[in-house]
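Numbering (my numbering), first residue to last: 70 to 293.
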């Protein structure tokens, strides 16, 4: 990342960061805004960021509405890419108004934050996730899928497609009297996307296991 620019984001009215190295350590007293920078980076991916907040809660100052923005310049093997995201105008939806997130790549509007996945992947492990490995397996799968997406850019689309088909199938079964051909079609989609998800997960685990095996460390090695 060559540059990160924040506008009306959390505690920052304006902030420009131009890292000079691949690895960066953020230091400072409590409340300095270190986690805010990490949260801004997490918005360069689908979802609601590492804090999981409503988009309208991210803007600077709680008592006023700010259309915050995060912009980043990335140096990739294919050249420089400029990414941007932020809070757009409020949209009317079912149950009232809802926040709208704007996505741009090199100045062009993107359909959704999912398009960021074709350029970069973002994963994080925070103190709030300390029970990740002892609680429900769904949280571990979500964490693993963020890692897998670093190796397979279309992985999250496959995961989302599988989950949509599964929810629709479960809803039909719960309602009763579903058309068998409809169920067959949904199950075919689940198989198609499920196989792709499983293959990507296994490939990523093999890569991680290989990297662990090659690392020189005095600590016990993890087994995946």
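Beta carbons: idealized from backbone N, C-alpha and C, even for Gly.
Quantities reported herein were computed from a predicted structural model and do not represent experimental measurements.
Next item on the list: Determine the direct distance from the alpha carbon of residue 228 to that of residue 252, and round the result to whole angstroms.
Entry: Residue 228 has its alpha-carbon roughly 19 Å from the corresponding atom of residue 252.
Next item on the list: Could you name the residues of the same chain whose beta carbon sits closer than 7 Å to that of residue 144, not counting the 5 residues immediately before and after it, in chain order?
Entry: 71
Margin query: Here's the rule: buried if 16 or more other CB atoms are within 10 angstroms of the residue's CB, otherwise exposed. What is residue 132?
Written below: Residue placement at residue 132 is flagged as unreliable, the pLDDT there being 47, under the threshold of 50; a coordinate-derived value is accordingly withheld.
Notebook entry, point to check: Between the stretch 110-120 and the stretch 84-96, do three or more beta carbon pairs fall short of 8 Å?
Noted result: The stretch 110-120, when compared against the stretch 84-96, does not touch it at the 8 Å Cβ threshold.
Notebook entry, point to check: Just the Cα atoms here: how many angstroms apart are residue 194 and residue 250?
Noted result: 43 Å
Checklist line | Reference residue 82, options 117, 128, 99, 103, closest by Cα | finding: 128
Note to self: Taking the alpha-carbon of residue 276 as reference, which of 172, 254, 293 has the nearest alpha-carbon?
What the structure shows: The candidate whose alpha carbon is nearest that of residue 276 is 293.
Next item on the list: Give every residue of the same chain whose Cβ lies closer than 8 Å to the Cβ of residue 106, excluding the five residues on either side of it in the sequence, and list them in chain order.
Entry: 73, 75, 84, 86, 95
Checklist line | Helix, strand or coil at residue 292 [DSSP, three-state] | finding: Three-state DSSP puts residue 292 in coil, outside helix and strand.
Notebook entry, point to check: Would DSSP call residue 76 helix, strand or coil?
Noted result: strand
Item checked: Distance between beta carbons of residue 237 and residue 255, contact taken as under 8 Å -> Between residue 237 and residue 255 the Cβ distance is about 6 Å, and since that is below 8 Å, they are a contact.
Next item on the list: Could you spell out where the beta strand (DSSP E) holding residue 174 opens and where it closes?
Entry: 170-174
Next item on the list: Count the other C-beta atoms from every protein chain shown that fall within 10 angstroms of the C-beta of residue 149, then say buried if there are 16 or more, exposed otherwise.
Entry: exposed
Margin query: Give me the residue from 226, 273, 221 with the minimum Cα distance to residue 259.
Written below: Comparing Cα positions, the closest option is 226.
Next item on the list: Less than 8 Å between the CB atoms is what I'm expecting for residue 191 and residue 270, so what's the real figure, rounded?
Entry: Not a contact, Cβ separation roughly 18 Å.
Note to self: Given a cut-off of 8 Å on the beta-carbon distance, is the pair residue 124 and residue 156 in contact?
What the structure shows: yes
Next item on the list: Check the C-beta distance from residue 305 over to residue 209 and give it rounded, since I have them as a contact under 8 Å.
Entry: Absent from the structure is residue 305, since the part of the chain shown begins at 70 and ends at 293.
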